[in-house]
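Presented below is the structure to which this report refers.
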């Protein structure tokens, strides 16, 4: 910086203002400093300015989902978050590590980022205490069991599942089964908070109408969806509708039903929840579905952390958005 | 560092060895230094050590694909690259910006990363000259028109398409159409080098057997795949086989053919190239397909840049891997 200052005939402080944008200088001075920087091959140095200013223009998106086969919806979240960060003048880097505290601590210690956005939040998410302790601004796309005192935006799975169930009940369906997913090999490993809340909303709704819940869990692949069908038809022959929160298995379920001579929607109604319209269009009939508000939640989640960076005193956004109903051809009244 | 050295009763150099891992110290000394760091709340500072050592343990994956709806295969590349970086002790951050030189220059100027891996490489990729000029170690997953003097690993699309064509020609197919994709709204905008090489391999093979190429381009969605079918049947009624390099349109093409009463594979054979087995299983019949060697190429691409970081004098890997043939049910001899 001293070289640049001497070369441009200005003070080191002035060079610092220009480099770090910490204070306005006249266009002439700006031009002189920039010319000197070019001539001396002085590259604006993030590491240096991060130390100088104690902040960077980088956000981390913590998404352990990368460890498994990311769904169309998960991809939508990441894409939109990256877009929004750019719009706000930040760079979004993906931190594709597990939900353990250690992976967050390495991020915090690195001092590389000005803030973090967490995805795939668990009910008891080990990343959250580590972040709260660090003081690093962060927001959740999702919710822990008790998100008090944090900035979070989440899909309103409760309302979305209740709405989906009301649609099916309104058509006369009474035996409605619910299909969600398994993370990894352990059927009990799935603690993704949204999945737990959605499942509970289904169970509560079934009980509220005097029905008994039929819970089916399926790995997130189309061939597992095909295999699920024989189990469904053998164990629950009276089921007339499926609520599927498993967008990779859903097309397989449709194919498995067709192979078994079960017509959709005449013999079996299917609603795919929290998916994308592209995933819903991979089958014939096109799946009646609800679309996860990925674009809005990513925007709100990124805004939440950037707003905290700019003003830690701002009120904490705590926002629920429902899935949006989308048309399809896979729902009809139950066969009488 | 001086504080830590005094507190631990060791030299500043010793603290530096521990912090930057630049030299082994005895377990006792290590423990003393780490205790002092804890007591003083000294966080290992990436920005500082980056300046001190002139390097970081971060790699950037430059993947403009995030700007569009990323395919299952693209996701596989990113997932595997992140895994491999972790195995080699590096963190992989996603740099989801366009293929313009400016987005690379901001990365270079930031000095945040030790190296870069480029994906979605174009024939004349503006990122490459910027990186070569900078001296930042990088590798390509893909290839420019002339990749001489660079570290690259790529799908051998030429061999893969030629092999796929040989299979269809061997079964007796002569009228074989080729479906690839359109990036953005401009049909001519797709300059993804792999797409160009694959298309040319198809054209050359058709000409080599005295056939005339039938090129169809389709946006990467299942509904565009459905719409493509009517165009195909109207303009090219004698086509008996499709080579599809468009994994999101392929399921739509199968559905469109079924809706038009065209049986797969009895009336029309389909091979989906450069996809994943999950995408191929979304349809009935399951698509005969070739699987992109995403796992191997990501591993090799990440290794290539890390090896350059550790030893700039190492020979440049230049590796081609073919797609792997995978079984399916969508190919048969042409209807006689």
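Residue numbers (the numbering used here), protein chains in the order written: chain A, 1 to 336; chain B, 337 to 672. Beta carbons: idealized from backbone N, C-alpha and C, even for Gly. None of the values given here were measured: they were computed from a predicted structure.
Terminal residues of the beta strand (DSSP E) in which residue i lies
i                      : result
residue 624 of chain B : 624-627
residue 139 of chain A : 138-141
residue 100 of chain A : Looking at the DSSP string, residue 100 of chain A is not in any beta strand (DSSP E), and its letter there is neither H nor E.
residue 451 of chain B : 451-454
residue 652 of chain B : Segment: none, residue 652 of chain B is in no beta strand (DSSP E) and carries neither H nor E.
Under the three-state DSSP convention, the category residue i falls into
i                      : result
residue 364 of chain B : helix
residue 551 of chain B : strand
residue 89 of chain A  : coil
residue 660 of chain B : strand
residue 77 of chain A  : helix
residue 282 of chain A : coil
residue 593 of chain B : helix
residue 46 of chain A  : Below a pLDDT of 50, predicted positions are generally treated as unreliable, and residue 46 of chain A, at 46, falls in that range; no measurement from the model is reported.
residue 540 of chain B : helix
residue 8 of chain A   : helix
residue 83 of chain A  : helix
residue 490 of chain B : strand
residue 62 of chain A  : strand
residue 122 of chain A : strand
residue 94 of chain A  : strand
Proximity of residue i and residue j at Cβ, strictly below 8 Å
i                      : j                      : result
residue 609 of chain B : residue 625 of chain B : yes
residue 652 of chain B : residue 487 of chain B : yes
residue 518 of chain B : residue 552 of chain B : no
residue 197 of chain A : residue 157 of chain A : yes
residue 116 of chain A : residue 131 of chain A : yes
residue 557 of chain B : residue 278 of chain A : yes
residue 169 of chain A : residue 113 of chain A : no
residue 140 of chain A : residue 155 of chain A : no
residue 346 of chain B : residue 337 of chain B : no
residue 348 of chain A : residue 143 of chain A : Summary: the structure shown does not reach residue 348 of chain A, with chain A confined to residues 1 through 336, and so no result is reported for it.
residue 594 of chain B : residue 57 of chain A  : no
residue 612 of chain B : residue 365 of chain B : no
residue 644 of chain B : residue 473 of chain B : yes
residue 265 of chain A : residue 332 of chain A : yes
residue 34 of chain A  : residue 18 of chain A  : yes
residue 411 of chain B : residue 75 of chain A  : yes
residue 256 of chain A : residue 229 of chain A : yes
residue 561 of chain B : residue 539 of chain B : no
Given residue i as reference, the closest of the options once Cα atoms are compared
i                      : options                    : result
residue 497 of chain B : B:578, B:448, B:423        : B:578
residue 172 of chain A : A:146, A:136, A:138, A:211 : A:211
residue 423 of chain B : B:635, B:663, B:672, B:654 : B:635
residue 82 of chain A  : A:126, A:61, A:326         : A:61
residue 78 of chain A  : B:345, B:349, B:431, B:469 : B:431
residue 153 of chain A : A:295, A:5, A:3, A:332     : A:295
residue 499 of chain B : B:363, B:392, B:607        : B:607
residue 304 of chain A : A:84, A:8, A:32, A:28      : A:84
residue 159 of chain A : A:57, A:292, A:147, A:30   : A:292
residue 90 of chain A  : B:435, B:416, B:442        : B:442
residue 604 of chain B : B:617, B:582, B:573        : B:573
residue 205 of chain A : A:252, A:177, A:219        : A:177
residue 195 of chain A : A:218, A:223, A:174, A:209 : A:218
residue 235 of chain A : A:200, A:175, A:263        : A:175
residue 483 of chain B : B:662, B:461, B:648        : B:461
residue 502 of chain B : B:469, B:363, B:536, B:545 : B:545
residue 663 of chain B : B:672, B:622, B:649        : B:622
residue 37 of chain A  : A:7, A:13, A:63, A:64      : A:7
Beta bridge counterpart(s) of residue i as assigned by DSSP
i                      : result
residue 133 of chain A : BP columns for residue 133 of chain A are empty, so no partner.
residue 362 of chain A : Here chain A comprises residues numbered 1 to 336, so residue 362 of chain A is not present and cannot be evaluated.
residue 169 of chain A : Bridge partners of residue 169 of chain A: none, in fact.
residue 353 of chain B : Beta-bridge pairing links residue 353 of chain B to no other residue.
Span of the alpha helix (DSSP H), counted from its first residue to its last, around residue i
i                      : result
residue 641 of chain B : 630-646
residue 234 of chain A : 222-235
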